[in-house]
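> Order-wise, the sequence lines are chains R and S.
Residues 0 to 901 in numbering that gives the first Met the number 0 are what the first sequence lists, from first letter to last.
Residues 0 to 901 in numbering that gives the first Met the number 0 are what the second sequence lists, from first letter to last.
Number of protein chains: 2
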Amino acid sequence: MKRVFFFGEGEAEGAGLGKETLGGKGSGLAEMTALGIPVPPGFTIETGVCVDFSHGASLDGVHAEVETALARLEHVTEKRFGDPEDPLLVSVRSGARSSMPGMMDTILNLGLTTRALKGLAGISGQRFALDCRRRFLEMYGDVVLRVPRHEFDKTLAEKKREKNVTADVDLSAEDLTDVVGRHEKLIREKTGKPFPEDPREQLWGAIAAVFRSWDNERAKTYRKLHHIPDDWGTAVNVQSMVFGNRGETSATGVAFTRDPSTGERRFYGEFLPNAQGEDVVAGIRTPRPLSSDGSGISLEETMPEAYAELLRLRDVLEKRYRDMQDLEFTIEDRRLYLLQTRNGKRTGFAAVRIATEMVDEGLISEDEAIARVESEQLVQLLAPVFTGKEKEAAVKSGRYLGKGLPAGPGAACGQIAFTADRAVAMAEGGNAVVLVREETSPEDIAGMHASVGILTTRGGMTSHAAVVARGMGKTCVVGAGELSVDAVHGHIRARGLSAGEGEWISVDGSTGEVLLGKISTQPSEVLQVVLDGSVPMEKSPVAMAFTRLLAWADSRRRLGVRANADTPADARVARLFGAEGIGLCRTEHMFFEEKRILAVREMILADNPEGRREALAKILPMQREDFLGIFREMGGRPVTIRLLDPPLHEFLPKEEEAVRRTAEDLGVSPDAVRERVHALAEVNPMLGHRGCRLGITHPEIYETQVCAIFEAAAQALGEGVHPNPEIMIPLVGARGEFDRLKKLVDETARRIAGNRVNYRVGTMIEVPRAALRAGRIALNCDFFSFGTNDLTQLTYGYSRDDAASFLPIYIAEGILPEDPFVSLDQYGVGELVSLATRRGREAKPGLKIGICGEHGGDPRSIEFFHTVGLDYVSCSPFRVPVARLAAARSALAGATAASATA
Amino acid sequence: MKRVFFFGEGEAEGAGLGKETLGGKGSGLAEMTALGIPVPPGFTIETGVCVDFSHGASLDGVHAEVETALARLEHVTEKRFGDPEDPLLVSVRSGARSSMPGMMDTILNLGLTTRALKGLAGISGQRFALDCRRRFLEMYGDVVLRVPRHEFDKTLAEKKREKNVTADVDLSAEDLTDVVGRHEKLIREKTGKPFPEDPREQLWGAIAAVFRSWDNERAKTYRKLHHIPDDWGTAVNVQSMVFGNRGETSATGVAFTRDPSTGERRFYGEFLPNAQGEDVVAGIRTPRPLSSDGSGISLEETMPEAYAELLRLRDVLEKRYRDMQDLEFTIEDRRLYLLQTRNGKRTGFAAVRIATEMVDEGLISEDEAIARVESEQLVQLLAPVFTGKEKEAAVKSGRYLGKGLPAGPGAACGQIAFTADRAVAMAEGGNAVVLVREETSPEDIAGMHASVGILTTRGGMTSHAAVVARGMGKTCVVGAGELSVDAVHGHIRARGLSAGEGEWISVDGSTGEVLLGKISTQPSEVLQVVLDGSVPMEKSPVAMAFTRLLAWADSRRRLGVRANADTPADARVARLFGAEGIGLCRTEHMFFEEKRILAVREMILADNPEGRREALAKILPMQREDFLGIFREMGGRPVTIRLLDPPLHEFLPKEEEAVRRTAEDLGVSPDAVRERVHALAEVNPMLGHRGCRLGITHPEIYETQVCAIFEAAAQALGEGVHPNPEIMIPLVGARGEFDRLKKLVDETARRIAGNRVNYRVGTMIEVPRAALRAGRIALNCDFFSFGTNDLTQLTYGYSRDDAASFLPIYIAEGILPEDPFVSLDQYGVGELVSLATRRGREAKPGLKIGICGEHGGDPRSIEFFHTVGLDYVSCSPFRVPVARLAAARSALAGATAASATA
């Protein structure tokens with residue numbers, strides 16, 4: 000079986016094999032080669048070799064194939080590996096199926112032995128050759144020989160200090176000879192051996208090191224965050240070097256075929272003259288723009304032929320890949336080479352706009368557009384932005400720090416952290432954190448993840464910080480060069496202002512502005528169109544794209560989408576976001592309202608049903624108004640109302656002062672209040688006297704709530720609204736509980752509203768026993784709604800309130816793959832969901848089944864609920880668009896899977 | 000299909016049909032008739048009619064059959080129903096498959112119309128006829144016409160007061176004419192109609208009422224307590240009357256073929272001359288003995304022929320039924336009739352002794368002996384008895400109240416309650432209660448169940464109190480006639496002593512003695528033989544029977560039986576009771592010991608692993624000694640040791656004073672202690688940071704415990720003991736948890752003891768997810784042990800600590816059939832148990848699986864665990880004999896079921 004694939008001179012052995020085998024980079028190189036695009040020739044060792052290697056296999060099995068490919072490479076380039084005259088130099092790079100920017104290792108200029116150095120010097124100049132050697136020693140030393148990178152940096156810095164220069168380019172050939180000598184000495188000292196001078200030994204060392212880097216810590220963290228399986232492995236690409244650092248007619252750069260931030264259809268990129276690729280990505284030098292902006296330094300102006308060629312290739316690649324591409328290119332002596340093409344990472348804004356515009360351009364179908372936008376990305380479009388007035392005021396009051404590049408849209412306001420570790424620690428303490436760095440590196444991943452915003456003072460739109468932040472959907476400003484960051488002493492300075500760790504900073508990722516202090520936020524542009532109506536749709540390309548994409552999604556999804564909403568205001572938002580009903584209206588929130596809590600407490604203090612009824616009579620008209628408002632808002636859409644769920648003690652005052660005030664307000668003694676607090680206290684409230692247990696021991700409470708619902712429904716009918724209440728009994732674990740309370744609901748409904756109101760009575764499935772006994776419970780039941788929050792708590796035996804002491808450790812150490820409260824545990828909790836669904840429907844064909852736990856807004860959970868065959872998901876109003884898209888993506892994925900197996 | 004079965008004159012249509020169809024009484028009457036035993040003729044309407052009737056069917060369907068049977072009865076008795084000259088009178092009685100003494104209704108003398116009254120008077124005398132009519136009016140009025148019984152009682156009492164007499168028999172015919180008239184008037188007033196004079200109307204009214212009584216409250220309560228299904232129904236027996244109240248040559252009585260209290264093989268019974276059956280059972284008159292005791296009033300002395308005939312029938316019946324029989328008989332004019340035979344209720348003592356002695360007599364097999372003893376009955380044999388010295392001292396100090404009949408063996412010490420309701424209320428408050436009554440009635444069932452002992456001042460060994468208490472295994476003394484009870488004013492008096500509600504009383508059910516105050520208890524006779532060795536086996540028939548029965552059980556059971564034991568002392572008891580190992584050794588109990596708790600607190604207060612290790616080093620030698628003691632005690636038997644389970648905060652002081660003392664002892668500030676208490680506090684400790692979660696976040700704790708285990712094991716090896724520790728990881732919910740901790744155990748074991756100690760590492764299955772994921776968890780696991788306590792808590796979502804506020808209501812109202820913490824919920828929790836067992840064994844054939852929750856000692860749960868195929872159950876040491884017997888009974892029941900379906 001072939002495991003090494005050559006590409007070059009218009010031929011690519013791996014063309015069509017795809018990313019699974021060749022990795023993203025290898026696949027791109029093969030495809031581009033096959034398209035006739037100028038790509039330096041080379042070969043790819045497939046991902047399977049990495050998997051075998053990480054399971055302990057040796058690389059001997061690919062030895063012969065690599066030799067064959069290397070020979071062909073020598074033939075094609077007309078150079079020989081290790082040739083002292085005109086050596087073949089290669090890069091060795093990783094390339095996984097899914098892009099993991101900067102996570103794994105790369106080695107450039109490999110093959111540049113001491114002997115070859117002289118040859119290269121003869122051809123390309125002494126200084127260039129020495130700089131290549133220096134870089135090679137640094138990268139190989141670090142990656143393969145494990146000599147810490149900073150030791151090399153120190154040597155270079157020392158030399159610059161000695162020579163009193165600041166830039167690398169100011170070092171002479173003589174200086175570099177000295178640096179190279181010191182690097183070689185360092186390696187000899189640290190490893191006990193001289194630097195390997197056999198180019199093949201270099202090559203195999205590099206290949207093994209890149210494979211090994213698949214399992215380094217930062218790569219593992221990245222995979223965990225992005226749900227990339229550990230067993231995909233990376234490919235290794237060995238490619239002949241081209242040099243962007245061969246003087247001023249050379250350059251290296253990156254480009255996006257469309258704007259990755261807004262999605263606008265414009266060619267967008269950056270380059271550095273006389274530089275190697277790593278210089279751009281590392282963000283150390285601030286790059287120049289590709290397209291003319293009048294500055295005179297753009298590629299369009301300085302190398303117009305190369306720019307024109309790039310523009311041509313941009314169209315070729317978009318047609319070929321039918322997606323926005325992220326390109327890496329090098330210009331060597333005015334000759335353009337593409338080194339990489341891949342689908343570009345983009346913000347949610349860009350994703351939505353590119354997808355819909357590509358449909359209009361005939362590049363992709365509507366189904367593909369849906370598949371192109373990750374459901375979670377929509378959240379960015381709904382995230383708040385800074386309030387214009389407040390921002391102005393902040394500027395006027397002298398809190399403006401400066402401006403960088405708007406690399407990740409959104410408004411982030413948080414406390415400053417100067418290191419990733421501090422960011423993680425502060426975020427764990429419950430703070431909103433903005434990570435402020437000169438530049439970020441792969442080691443900062445966890446800190447970036449923990450922050451609400453990222454600010455760097457160096458780097459461009461394609462720097463590490465920008466790319467990673469876009470992938471995470473974080474607000475990000477990069478290259479804010481006016482600001483100076485001193486991480487050691489922990490402060491940031493600009494324009495005479497200064498701030499330290501923990502101080503508040505506001506970062507506008509849509510404009511690049513940075514301000515000290517907090518600035519309040521306002522609805523995003525999409526919200527101003529969709530919810531407020533304050534901006535007309537036609538003025539907002541992004542809102543238009545958003546609306547069209549969701550309309551396409553709606554026509555493809557099978558799952559219904561409802562919202563969890565407790566008030567008419569929430570119900571309105573839900574409806575405007577496209578919710579088809581309310582899947583969970585929690586009545587207890589109404590009990591907590593200031594005016595009502597006193598009546599609720601009076602009810603709890605009464606020690607007999609009559610006293611409770613008296614107090615409940617005061618609450619009834621208020622609850623009726625709540626429900627009436629929601630019915631008016633939702634019209635004929637179903638509204639699932641959950642009867643009281645929390646234990647009564649939650650409504651009682653806890654602090655001594657509150658106890659006294661309550662006693663006074665109710666005209667009872669403080670002792671009476673204290674006694675009741677004491678009597679109702681529970682060891683494990685989560686497992687206590689709540690939900691339907693309360694409904695059974697205190698039937699007058701549920702009866703009052705049901706009265707309020709049907710009185711409201713009757714009144715709504717009078718107003719011409721035809722409400723569809725769905726009464727939901729919480730925490731049922733045995734059929735007897737449900738049957739008894741259904742009877743109470745039915746009798747009360749008949750008494751209040753006769754047969755006039757359409758309604759259903761159902762139950763939450765949130766106790767494991769309810770899932771197991773679903774077949775019995777279903778018999779008398781109109782619907783199920785999975786309460787996956789409690790079901791997860793009980794299936795794992797985790798209290799959400801207490802799990803913080805061990806759950807993060809479990810996830811960090813891989814004992815659990817992820818937080819089961821965020822994404823449904825499909826193996827444990829999920830089995831109960833699918834089992835209850837099957838048993839419920841077997842007992843009662845066509846039983847309506849939904850889910851109203853927080854997993855209802857999580858795309859991966861939604862895919863599971865689609866697969867299991869639920870009728871709808873219900874989530875918070877702001878997640879409704881996400882759920883609509885996720886439901887459509889699940890339906891399309893299912894259709895694809897089905898047609899693949901048909 | 001035939002539904003009415005005639006019996007009489009040696010022929011019985013229903014002979015062989017059994018209790019399922021005819022009920023216990025009907026079946027007995029048919030069998031006895033077929034055996035040629037003198038039984039008044041009659042017919043039985045089968046139980047299925049009751050079931051249909053309670054589902055709303057009319058009785059029309061059996062009308063023709065009843066008429067046919069009635070005609071045959073008239074033919075056989077040569078009397079006519081409603082005949083004014085010589086009327087046929089019948090009794091109408093219930094009779095369910097399982098005896099429910101006194102729970103359902105009975106009507107005697109039916110057919111005694113006003114016209115027939117005259118005929119009967121002509122034949123049997125005016126007074127007798129009137130007394131029969133009076134009783135008929137009372138019973139029919141109460142049962143069929145729903146006129147409260149006490150209204151009739153009032154009339155009778157008034158009449159006696161008017162005539163200044165105390166006994167019914169002192170009322171003249173004239174007086175009775177007046178009483179009958181008043182009764183008839185009362186019925187007319189209460190029902191608005193005259194008393195029905197059509198005998199057929201009377202008959203159908205009575206049949207329907209008896210069927211209805213199946214669903215009265217007390218019958219339902221009784222069924223719930225005794226796990227009798229509601230859909231069994233009762234049969235109705237219509238039988239020609241014989242009269243034990245036809246003067247001094249007539250009598251009525253009950254007899255047991257062996258002593259129901261001790262099991263001794265002696266004929267035992269009581270009778271009343273000139274009385275009807277109800278008089279004996281009601282306990283109003285104190286009955287006379289059957290066998291001669293020198294008093295001259297025994298049946299043997301007063302009616303020797305009838306006595307001799309009874310003795311003969313006793314043998315006939317024991318041979319036929321091969322079990323101890325409980326007989327009802329009536330002597331009418333010196334002629335003996337048996338009215339009922341059934342297997343007699345007996346104490347645990349009697350059950351064990353009768354079963355083993357019947358094997359010796361060749362009446363039954365060993366298998367049958369095992370089936371004859373309810374596992375739970377063994378508890379009585381192990382219950383403590385009063386300490387002789389203390390009882391003597393109490394007598395000497397003048398606390399002796401008197402003596403009654405020893406109706407239910409055991410020693411009960413509790414607070415006095417004078418009504419069943421108060422007994423229930425006081426017991427719910429957590430008190431030990433002794434119910435003190437003149438006599439008990441079926442309405443008192445719940446109160447008797449709630450009490451630890453029952454004391455009555457009237458009635459004999461076959462009175463309601465005695466029969467029911469024996470059935471419940473309660474300590475009981477009846478007929479303590481010296482004592483006078485005033486329930487209205489709430490006191491009991493005797494010998495110048497007096498006590499009120501809530502005062503302590505001690506009741507010796509083995510001797511009949513009653514004393515005021517508390518008396519401490521000592522081990523029962525069986526314990527003195529088996530555990531103490533202070534009484535030799537051959538001196539104790541009951542200990543011998545107990546030991547033999549359990550030896551038979553051991554040779555038949557498949558399930559292993561282990562004990563839950565935390566100390567060497569417990570381990571010893573477990574071993575002497577026949578435990579084959581320890582199924583659960585909880586290590587946290589060791590942590591609580593006074594000397595150790597300080598080191599434990601020091602460990603918890605340390606905020607780093609090193610500090611914790613230092614404190615743990617102090618605990619280690621103590622734990623090692625604990626384990627060594629247990630290994631020595633158990634020898635090579637397996638000892639399952641559970642690593643630390645509770646959350647750390649359980650070990651910290653709670654009260655301010657304790658906080659201060661702890662701070663002082665540890666040399667830290669009280670604030671430091673308070674801070675830690677606060678930091679570790681949890682909202683739901685049951686779902687918090689405990690079990691293996693603690694083991695993962697604080698590995699040094701588990702490591703120390705494992706060190707202690709293996710150091711102890713190594714030392715035991717040196718002493719020639721070959722311990723078999725089984726290390727159990729608690730609260731596992733995901734495979735990663737188990738694998739990580741297994742590695743820690745294995746590494747520590749190897750470090751401490753090399754390969755010298757045989758051990759296993761397994762997990763508790765107590766989190767629903769562990770049951771669902773058992774197939775994965777099993778892969779690396781040596782054994783499972785179900786922790787059914789926590790599994791029940793999590794499957795239902797009930798906190799045992801908090802469920803008291805609703806669980807009793809659930810059970811009382813039938814929402815749950817029983818407390819799932821007492822007997823395993825086979826449908827919900829049980830499904831998880833069987834699923835985990837299947838998946839575990841599929842993944843790892845032969846996986847060893849046990850259960851160590853409290854259900855391990857519950858006979859019905861044990862039957863389930865047998866059926867599911869577990870390897871062993873583990874229970875508290877004192878339940879080990881119960882579990883051994885239950886396991887054998889399950890195996891035999893399974894074998895029977897298997898051969899029945901083969």
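For each residue, glycine too, the CB sits at the ideal point set by N, CA and C.
Check distances from the C-beta atoms of the stretch 674–687 of chain S to those of chain R and list, in chain order, the residues that come in under 8 angstroms.
Glu-681, Val-682, Asn-683, Pro-684, Met-685, Leu-686 and Gly-687
> Between Glu-277 of chain R and chain S, is any beta-carbon pair separated by less than 8 angstroms?
As a position in the first sequence, residue 277 of chain R is number 278, starting the count at 1. No - not a single Cβ of chain S is within 8 angstroms of the one on Glu-277 of chain R.
> With 8 angstroms set as the bound, which would you pick, yes or no: does the beta-carbon of Gly-732 of chain R sit closer than that to a beta-carbon of chain S?
Here residue 732 of chain R is taken as the residue at index 733 of the first sequence, counted from 1. So yes, Gly-732 of chain R belongs to the interface.
> According to a CB-to-CB cut-off of less than 8 angstroms, which residues of the stretch 820–841 of chain S neighbour chain R?
Only Asp-824, Tyr-826, Gly-827, Val-828, Glu-830 and Leu-831 from the stretch 820–841 of chain S bring a Cβ to less than 8 angstroms from some Cβ of chain R.
> So within the stretch 221–279 of chain S, which uninterrupted alpha helix (DSSP H) runs reach at least 4 residues, ignoring any that extend past its ends?
Every candidate alpha helix (DSSP H) stretch fails here, since none sits fully inside the stretch 221–279 of chain S while reaching 4 residues.
> I believe Val-384 of chain R touches Gly-413 of chain R by the beta-carbon criterion, under 8 angstroms. Please report the beta-carbon distance rounded to the nearest angstrom.
By 1-based counting over the first sequence, the position of residue 384 of chain R is 385. By 1-based counting over the first sequence, the position of residue 413 of chain R is 414. Contact flag wrong, Cβ pair sits at about 15 angstroms.
> Within the same chain, show all residues whose beta-carbon is closer than 8 angstroms to that of Ser-483 of chain S, passing over the 5 residues directly before and after it, in chain order.
Counting from 1 along the second sequence, the entry for residue 483 of chain S is found at position 484. Here the set comprises Thr-456, Ile-491, Arg-492 and Ala-493.
> What are the start and end residues of the alpha helix (DSSP H) that includes Thr-586 of chain S?
Along the second sequence, one-based indexing puts residue 586 of chain S at 587. Unbroken run through Thr-586 of chain S: none, as it is neither H nor E.
> When DSSP labels each residue in this structure, what does Ser-90 of chain R get in the three-state scheme?
Locating residue 90 of chain R in the first sequence gives position 91, counting from the first residue. Ser-90 of chain R falls in the strand class under three-state DSSP.
> Among residues of its own chain, excluding the 5 on either side of Gly-855 of chain S, which ones have a beta-carbon nearer than 6 angstroms to its beta-carbon?
Stepping through the second sequence from its first residue, residue 855 of chain S is reached at position 856. Here the set comprises Val-872, Ser-873 and Cys-874.
> Tell me where the alpha helix (DSSP H) around Asp-177 of chain S begins and ends.
Working through the second sequence from its first residue, we reach residue 177 of chain S at position 178. Run containing Asp-177 of chain S: 172–190, per the alpha helix (DSSP H) assignment.
> May I ask which residues mark the beginning and end of the alpha helix (DSSP H) holding Gln-527 of chain S?
Taking the second sequence and counting its residues from 1, the one referred to as residue 527 of chain S is at position 528. Looking at the DSSP string, Gln-527 of chain S is not in any alpha helix (DSSP H), and its letter there is neither H nor E.
> Is Arg-883 of chain R close to chain S, meaning its C-beta is less than 8 angstroms from at least one C-beta of that chain?
Taking the first sequence and counting its residues from 1, the one referred to as residue 883 of chain R is at position 884. By this cut-off, Arg-883 of chain R is not an interface position.
> Hey, would you say Ala-426 of chain R sits closer than 8 angstroms to Ser-450 of chain R, going by beta carbons?
Locating residue 426 of chain R in the first sequence gives position 427, where the first residue counts as 1. Locating residue 450 of chain R in the first sequence gives position 451, where the first residue counts as 1. Against a cut-off of 8 angstroms, the Cβ pair of Ser-450 of chain R and Ala-426 of chain R comes out as a contact.
> Is the Cβ-Cβ distance between Leu-404 of chain S and Trp-203 of chain S less than 8 angstroms?
Stepping through the second sequence from its first residue, residue 404 of chain S is reached at position 405. Stepping through the second sequence from its first residue, residue 203 of chain S is reached at position 204. Cβ atoms of Leu-404 of chain S and Trp-203 of chain S: not closer than 8 angstroms.
> Taking C-beta pairs closer than 7 angstroms, name the residues in chain R that Pro-767 of chain S reaches, listed in chain order.
Position 768 of the second sequence, counted from the first residue, corresponds to residue 767 of chain S. Within chain R, the residues near Pro-767 of chain S are Pro-767, Leu-793 and Thr-794.
> What does a CB cutoff of less than 8 angstroms around Phe-151 of chain R pick up in its chain, not counting 5 residues either side in sequence?
Counting from one through the first sequence, the residue named residue 151 of chain R turns up at place 152. The residues are Leu-136, Glu-137, Gly-140, Asp-141, His-182 and Leu-185.
> Going by beta-carbon coordinates alone, are Pro-669 of chain R and Val-676 of chain R separated by less than 8 angstroms?
In the first sequence, residue 669 of chain R corresponds to position 670, counting from 1. In the first sequence, residue 676 of chain R corresponds to position 677, counting from 1. No; because the gap between Cβ atoms is not below 8 angstroms, this pair is not in contact.
> Between which two residues does the alpha helix (DSSP H) containing Tyr-139 of chain R stretch?
Within the first sequence, numbered from 1, the residue matching residue 139 of chain R stands at position 140. Note, Tyr-139 of chain R: alpha helix (DSSP H), 125–142.
> Starting from the C-beta of Cys-49 of chain R, find all residues in its chain whose C-beta is less than 8 angstroms away, skip the five residues before and the five after it, and write them out in chain order.
Within the first sequence, residue 49 of chain R is the residue found at index 50, counting from 1. Answer for Cys-49 of chain R: Phe-210, Trp-213, Gly-232, Thr-233, Ala-234 and Val-235, listed in chain order.
> Could you tell me the alpha carbon to alpha carbon distance between Ala-128 of chain S and Arg-148 of chain S, rounded to whole angstroms?
Indexing the second sequence from 1 puts residue 128 of chain S at position 129. Indexing the second sequence from 1 puts residue 148 of chain S at position 149. The alpha-carbon atoms of Ala-128 of chain S and Arg-148 of chain S are separated by roughly 21 angstroms.
> Just to confirm my understanding: we take Leu-679 of chain S, look at its own chain, exclude 5 residues before and 5 after, and list those with CB closer than 6 angstroms. What are they?
Translated into positions along the second sequence, residue 679 of chain S becomes position 680. Same-chain partners within the cutoff: Leu-647 and His-648.
> Taking DSSP as the reference, what is the three-state secondary structure of Phe-194 of chain S?
Your numbering for residue 194 of chain S matches position 195 in the second sequence. Looking at Phe-194 of chain S - three-state DSSP - the assignment turns out to be coil, as it is neither helix nor strand.
> Quick check on Tyr-399 of chain S: does DSSP put it in helix, strand or coil?
Here the question's residue 399 of chain S lines up with position 400 in the second sequence. If DSSP states are grouped into helix, strand and coil, Tyr-399 of chain S belongs with the strands.
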